[in-house]
Structure formats: structure tokens, C-alpha cells
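Remarks on the structure that follows.
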Amino acid sequence: MKPFNPAGVRSMTGQGHASNQSELGTVSVEVRTVNNRGFKCTSRTSDSLVGLENKIETLARSMIHRGSVSMQISWRRPDDDAGPGVDRDVLRSYAKHVIGVRDELGDPAVTIDLSNLMTLPGVIVSNRDDRRPTDELWSLVEQVIVSAIENLDHMREVEGANMARTLVADVQLIDESLAQIRELAPRAVDVYRSRLESKITKILAEHHLDVQSVDLLKEVQIYADRADISEEVTRLASHLEMFGSVLNGAADADRREPTGRKLDFVIQEMFRETNTIGSKASDAAVSAHVVEIKCAIERMRELVQNLE
1 MKPFNPAGVR
11 SMTGQGHASN
21 QSELGTVSVE
31 VRTVNNRGFK
41 CTSRTSDSLV
51 GLENKIETLA
61 RSMIHRGSVS
71 MQISWRRPDD
81 DAGPGVDRDV
91 LRSYAKHVIG
101 VRDELGDPAV
111 TIDLSNLMTL
121 PGVIVSNRDD
131 RRPTDELWSL
141 VEQVIVSAIE
151 NLDHMREVEG
161 ANMARTLVAD
171 VQLIDESLAQ
181 IRELAPRAVD
191 VYRSRLESKI
201 TKILAEHHLD
211 VQSVDLLKEV
221 QIYADRADIS
231 EEVTRLASHL
241 EMFGSVLNGA
251 ADADRREPTG
261 RKLDFVIQEM
271 FRETNTIGSK
281 ASDAAVSAHV
291 VEIKCAIERM
301 RELVQNLE
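The opening residue of the sequence shown carries number 1 in my numbering; numbering runs sequentially from there.
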């Protein structure tokens with residue numbers, strides 16, 4: 001096996017936070033990711049950022065390729081721009097209507113209660129400017145999201161490195177078991193051939209049947225070939241090599257195709273070949289190594305489910 005350097009392997013689980021302040025105010029972003037077979041993004045934003053949801057998801061998708069992503073984004077405007085105010089035109093309009101009704105009723109006892117008028121819709125307004133330039137605001141939000149995801153990735157890469165070390169250990173274990181199977185396989189086939197030939201000869205003798213030795217050997221060889229696992233061992237070794245190559249190339253991989261998904265496909269092929277070896281093997285020692293390989297593959301499968 002080639003030496004391993006699985007840089008860039010990422011766990012699907014992590015969290016990151018970032019914030020930035022400018023003349024527009026302060027934007028804060030918290031992002032969390034958990035396992036998911038594909039990509040899913042949900043975001044909770046301030047009311048004034050609702051129009052940016054599509055851009056937020058597109059940006060997240062460009063940086064995170066597998067997993068369920070949850071983002072919380074807030075925008076706090078500058079303190080000196082945040083106080084409430086009174087819309088005097090609206091207040092005057094309400095007062096005018098009250099006076100008009102009083103005059104129509106001809107009841108001078110009807111008075112204008114300013115405190116009640118202040119509670120009517122549209123009287124109290126925010127002085128905060130909700131009409132900030134969208135491009136300018138998005139530039140700030142985008143910058144903070146990128147920083148938060150970069151912090152998320154740092155955490156995911158630390159956990160991914162630990163997972164990769166466990167994967168490498170299992171790959172090496174499988175490689176060692178395969179080496180043992182390669183040594184045992186020829187002997188196992190010979191033993192199977194001899195045992196099969198002996199059984200057939202015994203049955204023929206018991207029934208007083210006469211069969212040409214050449215024909216007998218042909219039939220024995222046909223069944224012995226069915227117990228030959230050399231092709232499956234070669235294919236399993238090839239899949240194992242591919243698994244290592246994907247791990248080693250995680251940092252330079254095509255980001256459109258998550259590393260974890262590729263490894264999952266390779267593991268499926270490894271498990272298929274291992275099952276075939278186990279079903280064809282007639283040697284107890286080979287079967288023992290097959291069990292070790294299956295256990296290692298199962299551990300690898302669980303870990304790969306958690307990789308981006």
C-alpha cells in the first residue's frame with residue numbers, strides 16, 4: 001500500500017461562528033452541520049435579511065457539499081440609528097378624524113386622548129433605515145458567512161483527521177489480511193481439490209462405477225476452479241487501493257463530488273468482493289481472515305457515513 005496523507009478529510013458534524021461590524025451595523029452568523037446523505041440548508045435570519053435567503057443558500061452550497069446545514073444570521077444596525085420615532089403626519093391625521101367625528105356628533109365632551117392615539121398603527125415608527133443598498137448589505141453578510149464556514153471547516157477538519165486515522169488503520173488491517181489470504185488461497189484450492197477427488201472416488205467405488213481418470217480430473221478441476229478466489233482477492237485489493245487514493249486526494253478532490261460519497265461507493269464494492277470470497281472459501285483460516293475484513297469494512301462504513 002502507498003503511504004497515507006489524508007489531508008482535507010472533513011467530518012460532516014461541526015459548528016462555526018463569525019461576526020463583523022461596519023457602518024451598516026453588526027452582522028453575526030452561526031452555522032452548524034450534522035450528517036445527511038445529501039445537502040440540505042435551512043437559515044433563520046433577521047426580518048430585514050429575508051430577501052437574501054436564496055443568496056445565502058447558494059453561498060453555503062458552494063462551500064459545504066454534504067450534510068444538513070443550519071444557519072442563524074442576525075443584523076444589528078448602529079446604535080445611533082436604532083431609536084423609535086413618531087410619525088407626526090399620521091398622528092395629525094388620527095387627531096383630525098377624531099375632531100371631525102366629535103363635530104359631527106356635536107358632543108363637546110368628546111376629547112382627544114393623546115396616549116390612545118400613540119398606540120394606533122403607524123404612529124410609532126423606527127428611525128432605522130430598512131432601505132440599505134442590498135448589494136452593500138449582501139457584501140457584508142457574505143463576508144461574515146464565509147468566515148463562519150471557514151471556522152466550521154477548521155473544526156470539521158480536526159475531527160475528520162481523527163476519523164481518517166481510524167480509517168487508515170482499518171485499511172492497513174485489511175491489506176494485511178489480504179496478504180495472508182493470498183498465501184493461503186492456492187493451498188486452500190489444492191486441499192479442496194484433493195478432498196473433492198477423494199470423496200468422488202469413494203462414491204464411485206461404493207457404487208462400483210467405472211469412470212475414466214481423465215474425465216474425473218476434468219470434473220474435479222471444474223469444481224475446484226469455482227473455489228478459486230484469486231480474482232476476487234485482486235479486485236478487493238484494487239478497491240482498497242482506490243479507497244486509499246480517495247483519502248489521499250481529499251484535499252485536491254473535485255469539490256462537486258464529496259469525498260465521503262466516493263468512499264461510500266468504494267466500500268460497497270469492497271463488501272461485495274469480501275462476501276464472494278467468504279462464500280467461495282473452503283478453508284477455515286481464509287474464513288477467519290474474511291471475518292476480520294468484514295468487521296473492518298463495517299467500521300469503515302460507519303465512519304464514512306460521517307464524512308463530507
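Glycine included, every Cβ here is placed at the ideal spot set by N, Cα and C.
Just so we're clear, the structure is a prediction, and the values are computed from it rather than from any experiment.
With three or more CB-CB distances shorter than 8 Å, the stretch 233 to 243 counts as touching the stretch 260 to 275.
If you look at Q72, you'll find it isn't in any alpha helix (DSSP H); it sits in the beta strand (DSSP E) that goes 67 to 76. In this structure, the beta-carbon distance from R61 to C41 falls below 8 Å. In this structure, DSSP gives E308 a state outside helix and strand, which the three-state scheme calls coil.
DSSP links S11 through a beta bridge to L307.
Of the residues assessed, E23 falls on the exposed side of the cut-off, its CB having fewer than 16 other CB atoms within 10 angstroms. M118 and S48 have their C-alpha atoms roughly 25 Å apart.
Taking C-beta atoms as the reference points, N20 and G67 fail to come closer than 8 Å.
Of I267, I145, H154, the smallest CA-CA separation from A18 is found for I145. Of all alpha-carbon atoms in E150, D87, T134, the one lying nearest the alpha-carbon of I124 is that of D87.
Within the same chain, and ignoring the five residues on either side of Q305 in sequence, the residues whose Cβ sits closer than 8 Å to its Cβ are N35, G260, D264.
Within the same chain, Cβ atoms closer than 7 Å to the Cβ of A296 are found at D170, L173, I174, the five residues on either side in sequence being excluded.
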